[in-house]
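Just so we're aligned, residue 0 is where the sequence shown starts under numbering that gives the first Met the number 0, counting upward by one.
The C-beta atom is built at its ideal place from N, Cα and C for all residues, glycine as well.
Only one structure is covered here, and it is reproduced in the block below.
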Amino acid sequence: MRKMKYQTKFLLYHTGIMVLLIIGIVGWFYGVVVDEMHSRESSDFRIITEKTATQLDTLYYEMDRTALQIAANPEVVEAFQALPVKEDGNYFTSHPIEQNRLKKLLESYNFKSDGHARICLYNMYDDFVCTANRAITDAGIAYFFQSEDYTEVERYFSGENTFIYHRQPVTDILAYGERRESKYFSIVREIKDYFSTSSSWGYIEVQESTEKIDEIFSDLGDEVKIELLDQTGQTFYELNSGKSDWNDSDVNIVSISLENAPYQIVFYKNPAEFQKSVSQFYFALAIVVAVVFAMAVFLERILARHLSKPLIDLDRSLKSVTVDNLHVDIAEEDSEDIVIRLEDSFNSMLKQLNDSINKQAMAKMNEIKSQFFALQSQMNPHFLHNILAIVSMESQLGRTDKIPDICRRLGKILRYNAEMGDGHSTIAMECEVASDYMELMKIRYEEAFEYHVHMEKGAERVIIPKLIIQPLCENCFQHGLRYVDHVWKIEIRAWTEKEKWFVSVRDNGNGFSDEFLQEFEKNKISWCDGEVRDVLENLTIGGLCIPNIYTRMKIDYGEDFCFKLFNDNGAVIVLGGRIDDKSSGGGG
């Protein structure tokens with residue numbers, strides 16, 4: 000392989016990588032697209048079948064509603080209640096006026112153009128009246144009362160708690176003698192006063208032709224097999240039943256239970272249509288991949304031819320480089336591969352550059368830390384002025400008993416600032432210094448100022464950057480509380496959460512202005528990415544606040560720290576960072 004020309008190796012390497020990438024990407028893409036197609040196919044099929052099933056369910060609902068309305072109609076109940084008990088033959092045949100009256104009543108429920116096929120009223124004494132838009136014969140009526148169809152109705156309603164009988168599709172007996180043989184399904188209810196416990200006086204049966212079912216399912220096409228199952232799971236009606244030779248593993252099956260009938264509909268969709276779509280997609284994808292691969296190989300050949308010349312020139316120029324503080328080891332002349340020689344040369348150069356950059360970065364970091372320590376050791380002159388003013392005021396008022404406590408707290412704060420240490424302290428110490436400062440402010444402002452410090456258990460020994468809490472409290476007096484009425488309030492809260500520490504300082508002042516928050520977000524970029532030395536040099540002695548604290552935390556924690564400014568009935572500043580291993584120790 001090392002004896003091959005660069006151009007040949009370049010072409011082979013990149014072609015091999017490209018083949019692997021294409022196989023991986025195309026395989027992944029094909030799988031994702033086919034899964035999406037299958038998911039969409041299943042989703043669309045379910046939506047269509049649910050819509051179709053809803054149509055059939057609605058048909059059963061309309062049939063039952065019509066049956067219930069007629070069964071409870073007082074005129075119907077009274078008419079059947081008044082029928083003679085042992086009349087020979089059909090009472091309505093010999094009483095056409097009563098027959099026409101009931102027919103008109105039935106037609107009032109079936110006046111629509113798409114109304115039900117038949118609405119029939121009958122009783123156990125062979126009395127029968129019907130309104131229909133399908134053929135019906137006298138022989139068919141006589142045959143009906145002798146058939147199992149009528150016996151099933153009598154048997155069903157002889158049981159307890161029986162209200163509605165669903166007749167599955169059967170041969171249309173009432174059209175007996177007609178050349179055209181058809182089937183119908185129906186819903187049967189008892190004719191009675193449903194508001195009382197009266198007995199049944201007959202039956203109301205609302206019939207529909209199975210052609211109605213075929214019409215509802217016709218929109219699904221011939222590629223969908225449909226089965227209607229009863230409560231026992233037995234199939235009692237089928238459409239496109241000749242599709243049983245489909246591969247069951249690929250058939251899309253959807254099962255839906257009806258709400259208004261004790262039936263279940265199962266839809267089977269032929270997988271051939273989906274497989275055809277997948278095959279078309281696969282063929283189109285194969286053509287696109289072949290074209291892209293051919294173009295890529297052609298471009299790779301052109302690139303290999305033109306890339307070798309500048310690489311050789313670059314290798315020669317590297318041999319002539321001489322820098323006093325940078326030594327480059329170049330590969331031997333007998334090396335067969337220009338890329339290997341370039342790799343050796345650049346590795347040597349990068350190693351030396353990396354060592355040099357590390358030394359400069361370390362020196363710059365030390366310089367920055369020295370400047371931070373210098374700023375930490377300085378006290379804001381405004382703070383000293385305020386403390387001296389407090390001492391003067393207390394002495395003039397003759398309250399000299401407070402002066403020793405003031406001096407003690409001031410001395411404690413001064414010692415804390417003077418002790419350099421490693422620039423870190425504990426949360427407990429930081430809160431203690433902040434409390435001393437606010438006690439001094441409490442002496443000055445008395446009842447006009449209140450403060451609270453809340454520190455969760457376990458947070459007191461966490462190590463954090465030194466001098467970040469007290470300056471924020473001082474900032475509240477200088478900016479946040481300056482232009483608001485008393486009582487001034489400052490609240491400090493410290494806690495730990497998920498291996499991180501957090502400290503919040505909150506006041507009840509005017510809060511941050513929108514301009515200040517916008518300027519803060521804008522300046523964070525310069526505080527982080529710009530020259531830190533320039534940021535520090537632009538800070539005043541009393542500048543141990545927002546820019547100083549933010550930049551120090553950036554140096555300590557990198558990107559893994561929290562520094563939030565927002566308004567919530569005053570200004571709120573939230574600081575936070577990860578808890579280091581040394582956080583269980585003390586700080587100075």
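**Study point:** Counted within 10 angstroms of its Cβ, other Cβ atoms place F194 as buried (16 or more) or exposed
**Key:** exposed
Check your understanding: So which of T51, F79, Y155, S93 has the shortest CA-CA distance to E214?
Key -> T51 is the residue among T51, F79, Y155, S93 whose C-alpha sits nearest the C-alpha of E214.
Check your understanding: Less than 9 Å separating the beta-carbons of I524 and R505?
Key -> no
Review point. Under the three-state reduction of DSSP, which class applies to I578: helix, strand or coil?
Key: coil
Point to revise | Range covered by the beta strand (DSSP E) that runs through D506 | key: 499-506
Check your understanding: What is the residue span of the beta strand (DSSP E) that A493 lies within?
Key -> Residues 487-495.
Check your understanding: In terms of residue numbering, what span does the beta strand (DSSP E) encompassing P83 cover?
Key -> Element bounds for P83: n/a, residue is neither H nor E.
Check your understanding: What separation, rounded to the nearest whole angstrom, lies between the Cα atoms of A131 and D221?
Key -> 31 Å
Practice item. Can you give me the Cβ contacts of F143 inside the same chain, cut-off strictly under 7 Å, excluding the 5 residues immediately before and after it? Key: Y149, I172, L173
Point to revise | Cβ-based neighbour list, Y108, same chain, cut-off 7 Å, excluding 5 preceding and 5 following | key: T65, Q68, I69, I118, listed in sequence order.
Check your understanding: Where F292 and H13 are concerned, what is the direct C-alpha to C-alpha distance, given to the nearest angstrom?
Key -> 12 Å
Check your understanding: By the 10 Å Cβ neighbour count, where 16 or more other Cβ atoms means buried, how is L20 classified, buried or exposed?
Key -> exposed
Exercise for review: Compute the distance between the beta-carbons of E40 and S185, then report whether it is under 9 Å.
Suggested key: No; because the gap between Cβ atoms is not below 9 Å, this pair is not in contact.
Check your understanding: Taking Cβ to Cβ, would you say L82 is nearer than 9 Å to G201?
Key -> yes
Review point. Taking buried to mean at least 16 other C-beta atoms within 10 Å of its own C-beta, is D218 buried or exposed?
Key: exposed
**Study point:** According to DSSP, residues forming a beta bridge with K182
**Key:** For K182, which the question treats as bridged, DSSP gives the partners T170.
Practice item. Find the nearest neighbour of L227 within the set K456, S394, S391, Y267, judged by alpha-carbon distance. Key: Y267
**Study point:** Bridge partner(s) assigned by DSSP for N251
**Key:** K268
Check your understanding: Would you report the Cα separation of A71 and Q54, rounded to the nearest angstrom?
Key -> 26 Å
Review point. Comparing alpha-carbon positions, which option in E446, S503, E498, I467 lies nearest D579?
Key: Nearest of E446, S503, E498, I467 to D579, Cα basis: E498.
Point to revise | Bridge-paired residues (DSSP) for E464 | key: Reading off the sequence, residue 464 comes out as Pro, not Glu. Answer is H423, bridged to P464.
Exercise for review: Output yes or no for whether 9 Å exceeds the beta carbon distance between M428 and Y436.
Suggested key: no
Practice item. Look at I405 and E393 and say whether their C-beta atoms are less than 9 Å apart. Key: yes
Point to revise | the region 27-34 in contact with the region 255-266 per 3-pair CB rule at 8 Å | key: no
Exercise for review: Taking only the alpha-carbon atoms, compute the straight-line gap between I203 and S38 and give it to the nearest angstrom.
Suggested key: 46 Å
Review point. If you compare alpha carbons, which of Y175, Q167, H485 is closest to K441?
Key: H485
Exercise for review: Would you decide whether F162 is buried or exposed? Buried here means 16 or more other CB atoms lie within 10 Å of its CB.
Suggested key: exposed
Check your understanding: What separation, rounded to the nearest whole angstrom, lies between the Cα atoms of I252 and F44?
Key -> 9 Å
**Study point:** Whether V502 touches I554 by CB criterion (9 Å)
**Key:** no
**Study point:** Inside the region 386-449 only - beta strand (DSSP E) runs reaching at least 3 residues
**Key:** 423-425
Point to revise | Whole-Å CB distance - R443 paired with I402, under 8 Å assumed | key: So it is not a contact: roughly 13 Å between Cβ atoms.
Check your understanding: Which term fits Y121, buried or exposed, when burial requires 16 or more other beta carbons within 10 angstroms of its beta carbon?
Key -> buried
Check your understanding: For the alpha helix (DSSP H) that contains E473, what are its first and last residues?
Key -> Residues 469-474.
Exercise for review: Just mark K358 as buried or exposed, buried being the case when its beta carbon has 16 or more other beta carbons within 10 Å.
Suggested key: exposed
Review point. Measuring CB to CB, does R577 end up less than 9 Å from G422?
Key: no
Point to revise | Helix, strand or coil at T136 according to DSSP, with G and I counted as helix | key: coil
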